[in-house]
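Protein chains: 6
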Amino acid sequence: MSVYQTRAETLIQALPYIQRFAGKTVVVKYGGSAMSDPALRAEVMKDLVLMQAVNVRPVLIHGGGPEIDRLMERVGLKPKKVDGMRVTDAETMELVEMALGALNKDLVAHIQAAGGKAVGLSGKDGGLFAAEKIEANGKDLGFVGRVSKVNPSVLATLTDAGYVPVISSIAVGEGGQTFNVNADLAAGTLAASLKAEKLVMMTDVEGVLSNYPDPKSLVSRMTPDEAKGMIKSGGADSGMIPKLQACLEALEGGSRSAHIVDGRKPHSLLIELFTDAGIGTMIVRF
Amino acid sequence: MSVYQTRAETLIQALPYIQRFAGKTVVVKYGGSAMSDPALRAEVMKDLVLMQAVNVRPVLIHGGGPEIDRLMERVGLKPKKVDGMRVTDAETMELVEMALGALNKDLVAHIQAAGGKAVGLSGKDGGLFAAEKIEANGKDLGFVGRVSKVNPSVLATLTDAGYVPVISSIAVGEGGQTFNVNADLAAGTLAASLKAEKLVMMTDVEGVLSNYPDPKSLVSRMTPDEAKGMIKSGGADSGMIPKLQACLEALEGGSRSAHIVDGRKPHSLLIELFTDAGIGTMIVRF
Amino acid sequence: MSVYQTRAETLIQALPYIQRFAGKTVVVKYGGSAMSDPALRAEVMKDLVLMQAVNVRPVLIHGGGPEIDRLMERVGLKPKKVDGMRVTDAETMELVEMALGALNKDLVAHIQAAGGKAVGLSGKDGGLFAAEKIEANGKDLGFVGRVSKVNPSVLATLTDAGYVPVISSIAVGEGGQTFNVNADLAAGTLAASLKAEKLVMMTDVEGVLSNYPDPKSLVSRMTPDEAKGMIKSGGADSGMIPKLQACLEALEGGSRSAHIVDGRKPHSLLIELFTDAGIGTMIVRF
Amino acid sequence: MSVYQTRAETLIQALPYIQRFAGKTVVVKYGGSAMSDPALRAEVMKDLVLMQAVNVRPVLIHGGGPEIDRLMERVGLKPKKVDGMRVTDAETMELVEMALGALNKDLVAHIQAAGGKAVGLSGKDGGLFAAEKIEANGKDLGFVGRVSKVNPSVLATLTDAGYVPVISSIAVGEGGQTFNVNADLAAGTLAASLKAEKLVMMTDVEGVLSNYPDPKSLVSRMTPDEAKGMIKSGGADSGMIPKLQACLEALEGGSRSAHIVDGRKPHSLLIELFTDAGIGTMIVRF
Amino acid sequence: MSVYQTRAETLIQALPYIQRFAGKTVVVKYGGSAMSDPALRAEVMKDLVLMQAVNVRPVLIHGGGPEIDRLMERVGLKPKKVDGMRVTDAETMELVEMALGALNKDLVAHIQAAGGKAVGLSGKDGGLFAAEKIEANGKDLGFVGRVSKVNPSVLATLTDAGYVPVISSIAVGEGGQTFNVNADLAAGTLAASLKAEKLVMMTDVEGVLSNYPDPKSLVSRMTPDEAKGMIKSGGADSGMIPKLQACLEALEGGSRSAHIVDGRKPHSLLIELFTDAGIGTMIVRF
Amino acid sequence: MSVYQTRAETLIQALPYIQRFAGKTVVVKYGGSAMSDPALRAEVMKDLVLMQAVNVRPVLIHGGGPEIDRLMERVGLKPKKVDGMRVTDAETMELVEMALGALNKDLVAHIQAAGGKAVGLSGKDGGLFAAEKIEANGKDLGFVGRVSKVNPSVLATLTDAGYVPVISSIAVGEGGQTFNVNADLAAGTLAASLKAEKLVMMTDVEGVLSNYPDPKSLVSRMTPDEAKGMIKSGGADSGMIPKLQACLEALEGGSRSAHIVDGRKPHSLLIELFTDAGIGTMIVRF
């Protein structure tokens, strides 16, 4: 069989998956090496263009910790964190918005360059994300919040017209104050509000590990109850907790499945969507 | 690289082709072994479903010589041909219509079974094909004609709603008389009337051969003038002439390219559309 | 009063009926002499075109016993029936499909010739009819089934675009097997699934006869309960039973009335729809 | 053949005419006995409802000389005319508008009562008719004008939604002044502006008479040139001149035919449209 | 601050009101001095055009007592009233329709002249208002009725296309009889049937007065219960009763507020809608 | 006259302007004090919301020199300019994009807070702006370019859905390189590509001064030829040249007028659009 026939066979093997996800919304939380490594970044953006080309409706949401840290350092500020959350005063907030904004438009430009169509948004555009201030165990974090309300109409406008929305994790609080929100959690809230078919969290680990950090302890499939149990029991490491919480919120909001995948592997998105490979951890009701 | 990553790579390699043909109409003349071999038939129908899934708009047109011959034999009639054309009296015409009708619906059923959507038509449906009687060098052939007018509105209704039209080569003459028309030529007329992006003729040879029947003499690419020259000079064998004429009519009508491909090879349609393989003969303006 | 004024008066008398049925779906089971007599066939097709012209949405469904028998005889096969149902082996099934297919497209051609628009379908097109195998009192009949599911979306596509769907009584079973289904019963299932305003069964008798075969014993109007009673009590002759069952299914599915009319009388369809003539038997709730 | 079959036959005979005029606009100038005789008025309105039911798009325009005269007499004013045109001072203009307005809504009510849908307009609604003052051979007539511009968008809004527009011959001049316009001429201008398929002028004579008033001298068919010749030569009587001019304007504007019919005969509209009777005078290019 | 800056400030002050009423339907009962005074009439029509320009959807309904009286006097008839309602015999009914019709089209012409778009209707158009005969304490009033049913589809057709419907208070009873209906009450029924955001009754008093006719006793705001109490207790003067009843019907039908405003003051409509001025009496649930 | 009546009068005075600009696109180049002064910034954003509320379609484009300078200083870089253009190396380009991005979203947030709807874009979103590198009299400026192609489809998607597009002056060159483009010139190119009704350039001067910097020498109105003459003759000061060039490009592309207004004055946008005040300089063909 020629190489071309092999390629045609591969397309045919993808057909049932393409049919299953046609017209469906998939929220992708983007971050980690898949974002910071320039080659991987270009590849992930191409994966999104392919998804769009076969009628999946991807919605991308991203944070940008390293980009923010780098800008803070350039202006001579030292990032401060409490319980893993960035303490965000007014000056920091402005820098966060700048760093995420430039990153956001870079992702857009990659999608456009690959022949796709994208528009970059923050939670300010079209009133997408309203924020509510949060604290860390009683400690004030400044302008750090959670998404308290999603107004998704701007997303419908864009996806109906064939654009991939690329969203940075910024939201607007009372009085118009800008807030920094955790992108993992925002992804879960967004997936729930869109009743997305799938939420995919791209991370720098193999998935959920029952015996962290042993990669052989990868859990391929969990129920929501098992995920809740792992959070409660302390079995999940601290970086994994918001990811699991996001998955749980998506499933409660109506998503069919939520996935924690290893973004360090090329095309992890395509493999998750269009093959039968067990990749990372899938959380699903039954 | 894992097998799944290879598969993902293959999808990504197909992306530029998917983008190029999205929303475009491709007329496929279907016949030969690709139709008579049950395994190949099922595969070609799947290929059409994949095309549809990535937003190509395929329109299938087919004849059915062997099926007609078989039915004639069963009722004790002997097929008669003049210059390769079937002499078609009233009794034969009825059998032609029966044989093609059953074949047509079988193709439809295969597409539906693969998760696609299809409707089977003859040139009678929605007044699709008007016929004009033809002769063979002065000899009367009975109810044998050519498509003199295409009314494509029923095709637009169906393709807009996501159905693949599957068309048998039957047309309607003056006074409502049913006519048998050559499927190769009808495919060319149809592609021209739809200003299809591409016409693909599926045959049982490698393509156009400059030194027939030597497969090594395959011509990969021809201009319309070269194709006309080959017909005039007698360089084309008799089976190839109507195929070349169909290609020429499609190109004159506005198609960007016309292809004569080897339907005996699995997935020749997908390979032609979604890879850079030089398969069969492409006729293109420059 | 001139002949032309009489004609104008006639149109005005039809007006309330035209208004009542505008935009409504009417399923017509077509068969018997009205189909086998060429002159009547042409007239019935014209009647459908008139219905379409005054905004009724006719859907035609037909069998074709005599056409099937004729083809079987031509290939040297002898039709076999058990309890009025055709024993259908693979070879017969293919002939059934051929005979019905040619008949189907002939009806389409007549509608087109009368200035209407039509598309011919079998239960394979757009996955219209799913079949389930049936038996006759424990005896195996081969590929004989009943319509177990209707997927009417292809009909909506066609009627919205102004086409009369003309449907042959073929359905698809598990594994893609083609099945022969009783057209009377399929008409009832179809009317129910479309919540058609009316189901009209064209037959070769005056209607339901309380004292079969005395034409003077015609029952003009029955309730569903009366129809069920007649079936149970054995008061209905065997040919009438599936017709009554079809009417009952239509009414249970939401049709307002079901009619058994004498297709031997010219324009019985128009008379039923557009005049106050009591023609045949009407089954209606109250 | 039963009376019901005769009726069905009549419907079938009307079919080609129904098909020819489906979707076409027909402007009807309504007046004379067909309007003043209550029984005829009710019948004509029903004829319009039938036209609407078979997808013709009628647009009615009317004057109302007798109704105006009657109201003027009731308030003790004496109608004055110059060259057949009503001298219209401010007081008269108000009475004209009142009389036409009540008549207009009565026509609407008749259409609604017959199961149709109608909206009554004057040239003021939606800025339908702009007026330009005219004189009669140098004599001032007051607020008498001609339609200088048609803004037909309100008509499209109404006919697209299935309403018959019923229009009284009132127009608006500079400074918002109300003008009385000749309904015959306005009908011609309106037909031209709508590129109506047909203009039908309903009158109290048989049609154009070559030897007025001898009814045997009816001219069944004229070319525009013949109509112009008849006006120039003085062969047309004074009441016929504006009707002929209206027909000519319609034809110049793109109408296919213009008709002067005898409104005293019941159903003259339906006879003109849906039979092959030569009724009245048809003016047509060739 | 320059005069132009003041003007810009004023626009900005109106912005929240414009935003609040964008896309909302406001029914305006028009009458009194605001209608009989030509200068005020022109201004109110301009106010409607402004409302339309900022995306409010006004629907105007009017009576025309003085216009009717004037026409009756001109034909030598003496208006007769019982309990404030006009005794309406057939002759009077015709004059009512004439007077209202001319007034209606004059309002339309004013709106058009101000650059707006309007269509004048009576309750006959599109079957808008069905009437039911009423009596006055057992005394027969002739053709006087109340609106028993509203068919608002013609209004949706017109407002969707950007026209202001201007409606005269005429309705159609059984057998097609024309009825005179109280415009105040019809306005309430109409507002309820449209679930209008607001009903505004334009009158010749300051609003509801608790100590009639002392203008200082103006009640700025009432609940429905207070309004009902005032009617029951006899605290409302007779002219105010139908206005209060109309307001109550609107509120019961789903309107958010109902207003009785002083039409003698220029721009009372705009002031009510686009400023925070307490003008007239507002009836609102809480 | 009460204050509320004065306000209503003001709305009525604005009506002809609202009617004239309804549905029209107005491109606003935003910058200078109107942007850097927080109070003015909030007011201008409100002005845009008002424009949107009265059906004008504003498109905002902005630069951000001071914001860029400020960020550069914070990271210890010194802005360098040649002929008024910023020398832009890779590091600077990233800071430009960050500074403009944060500013862009702040403008969006202001519009949303005022009850409007907005989406912030750079020239990367939807492939809006393609760039072409430019030089300054032979000197290399790094990543400085001009907009060589506009792809406005994303703007149509957003304005059709009621969003104000807010655009930062960033474009994409060959190979995906980000370019800094002059916002004045980009505004002209954008207005031309959209065939905007109007281009309004907000600046920190009164308008075009014939005797710079004497404010009394304000030129209220110029023709394109006069504007070209002023550029050629050296009569325009250097800051004004790109603004005049932008105006000329807009007019050549089909805009009806181009305006240079004083953004320091509150509500200059509203005054320009909705009053007859001669504000700043209008460039118009005749």
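Protein chains in written order, with the numbering used here: chain A, 764 to 1049; chain B, 764 to 1049; chain C, 764 to 1049; chain D, 764 to 1049; chain E, 764 to 1049; chain F, 764 to 1049.
Each residue gets a CB set at the ideal place from its N, CA and C atoms; glycine is no exception.
Query: 8 angstroms Cβ cutoff, S1018/E in contact with chain D; Result: no
Query: For P779/C and H1022/C, the rounded distance between their alpha carbons; Result: 20 angstroms
Query: DSSP three-state assignment for H873/D, whether helix, strand or coil; Result: helix
Query: Top-ranked residue by Cα proximity to M814/F, from G795/F, K787/F, V838/F, V845/F; Result: K787/F
Query: As assigned by DSSP and simplified to three states, the class of A999/E; Result: coil
Query: Members of the segment 943 to 955 of chain F near chain A, C-beta cut-off 8 angstroms; Result: none
Query: Through-space distance from G938/F to E860/B, alpha-carbon basis; Result: 57 angstroms
Query: Under 8 angstroms between C-beta atoms of A877/A and F942/A; Result: no
Query: Terminal residues of the alpha helix (DSSP H) in which K809/A lies; Result: 801 to 816
Query: Chain-order list of residues whose beta-carbon lies under 8 angstroms from that of K841/E (same chain, five-residue window excluded); Result: M835
Query: Nonlocal neighbours in the same chain, by C-beta distance under 7 angstroms from K991/A, ignoring five residues either side; Result: L1011
Query: Contact residues within the segment 871 to 883 of chain B, judged by C-beta distance below 9 angstroms to chain C; Result: V871, A872, H873, Q875, A876, K880, A881, V882, G883
Query: Check: Y975/F C-beta below 7 angstroms from any heavy atom of the ligand PLP; Result: As presented, the structure is devoid of all ligands, the ligand PLP included, so that no description of it is given.
Query: Beta-carbon proximity check, E960/E vs V789/E, cutoff 8 angstroms; Result: yes
Query: DSSP three-state assignment for D1025/B, whether helix, strand or coil; Result: strand
Query: Alpha helix (DSSP H) segments (min. 4 residues) lying fully within the segment 851 to 909 of chain A; Result: 853 to 876
Query: Which of helix, strand or coil DSSP assigns to I1042/C; Result: coil
Query: Neighbour list for K979/C in chain D, Cβ cutoff strictly below 7 angstroms; Result: In chain order: nothing, as chain D lies at least about 17 angstroms away.
Query: Inter-stretch contact at 8 angstroms, needing at least 3 Cβ pairs: the segment 992 to 999 of chain A / the segment 768 to 778 of chain B; Result: no
Query: Contacting positions in the segment 848 to 864 of chain D - beta carbon closer than 7 angstroms to chain E; Result: E857, E860, M861, A862, G864
Query: Interface flag, S885/B vs chain C, CB-CB below 8 angstroms; Result: yes
Query: DSSP state of Y793/A mapped onto helix, strand, coil; Result: strand
Query: Interfacial residues, the segment 1010 to 1043 of chain F to chain E, with Cβ spacing under 8 angstroms; Result: K1028, P1029, H1030, L1033, I1034, F1037, T1038, A1040, I1042
Query: Straight-line Cα distance separating L870/C from S932/C; Result: 14 angstroms
Query: Cβ-based burial, K912/B [other Cβ within 10 Å; buried from 16]; Result: exposed
Query: Closer than 8 angstroms to chain F by CB, Y767/A; Result: no
Query: V910/C and A949/C closer than 8 angstroms at C-beta; Result: yes
Query: The segment 919 to 930 of chain D touching the segment 805 to 825 of chain D, judged by at least three CB pairs closer than 8 angstroms; Result: yes
Query: Terminal residues of the alpha helix (DSSP H) in which A919/F lies; Result: 916 to 923
Query: Cβ contact check for the segment 881 to 894 of chain E and the segment 1019 to 1036 of chain D: 3 or more pairs under 8 angstroms; Result: no
Query: Strand pairing of G825/C, partner residues [DSSP]; Result: Sequence check: residue 825/C is His here, not Gly. BP columns for H825/C point to Y793/C, S931/C.
Query: Beta-carbon contacts of L811/F that lie in its chain and below 7 angstroms, excluding the five residues immediately before and after; Result: P821, L823, I874, G879, V927
Query: Cutoff 8 angstroms: T920/F Cβ touching any chain A Cβ; Result: yes
Query: Extent of the continuous alpha helix (DSSP H) run through T986/B; Result: Here T986/B belongs to no alpha helix (DSSP H), and DSSP marks it neither H nor E.
Query: Collapsed DSSP secondary structure at S1018/A in the structure displayed; Result: coil
Query: Of the residues S983/D, M985/D, M1003/D, G936/D, the one placed nearest T966/D, counting alpha carbons only; Result: M1003/D
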